[in-house]
Amino acid sequence: MVKVEEIKDKDTSQAKSIYSNSEASESTSSLSSVSTTSSLGEEPQESFTERLSALVDIVPPKTRKSIADKVSATTGFFTKSGKVLGNIVWVVTTSALLIGLPLALSLEDEAKIMAQERELEGQREGQAMLANPSLYPQATPGSAPQGGLVPPGF
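Residue numbers (our numbering): 42 to 195.
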């Protein structure tokens, strides 16, 4: 951390002129002492957190409290929102597993049963056709249909 020391010149303290400005001389002396104590080539021995904690004195206490309250309120809001969102996701997921999965399995079983019924119906029709051929007349090659529509050109 940078130490600021006020250095008073002997000349300015002894002879005060009406043309001299004490505020200007104090600010220039403090600036010069700061600039002489810190050199550009040296690395500071303080960390970022130490520098940040040193800035606390710059912000007034009322503003710091206001900022801290806002950060606390925002953190609380996001914490509560995260918990509510997590509960909603949990309810939706467990509902999907407890209701949706058995429903999907039963619909799949129903589709399998319907496919088996159609297959059995097709087999019955095939057996009925083989057992009673007179119900289904077969066309012989070279015989013309007797009656019915004949397309042009035949």
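Note that the Cβ used here is the ideal one computed from N, Cα and C, for glycine as well.
DSSP three-state label for Met-42, please. What you label residue 42 is simply residue 1 of the sequence shown in a count that begins at 1. DSSP, read as helix, strand or coil, puts Met-42 in coil.
Identify whether Asp-50 lies in helix, strand or coil by the three-state DSSP scheme. Translated into the one-based positions of the sequence shown, residue 50 becomes position 9. Here Asp-50 sits in coil by DSSP.
Where Glu-87 falls: helix, strand or coil (DSSP): The residue given as residue 87 occupies position 46 in the sequence shown. In the structure shown, Glu-87 sits in coil (DSSP, three-state: anything other than H, G, I, E or B).
Quick one: grab the DSSP three-state call for Leu-190. Here residue 190 refers to the residue found at position 149 when the sequence shown is read from its first residue. Looking at Leu-190 - three-state DSSP - the assignment turns out to be coil, as it is neither helix nor strand.
Out of curiosity, what's the CA-to-CA distance linking Lys-103 and Phe-118? Position 62 of the sequence shown holds residue 103. Position 77 of the sequence shown holds residue 118. So the alpha carbons of these two residues sit roughly 23 Å apart.
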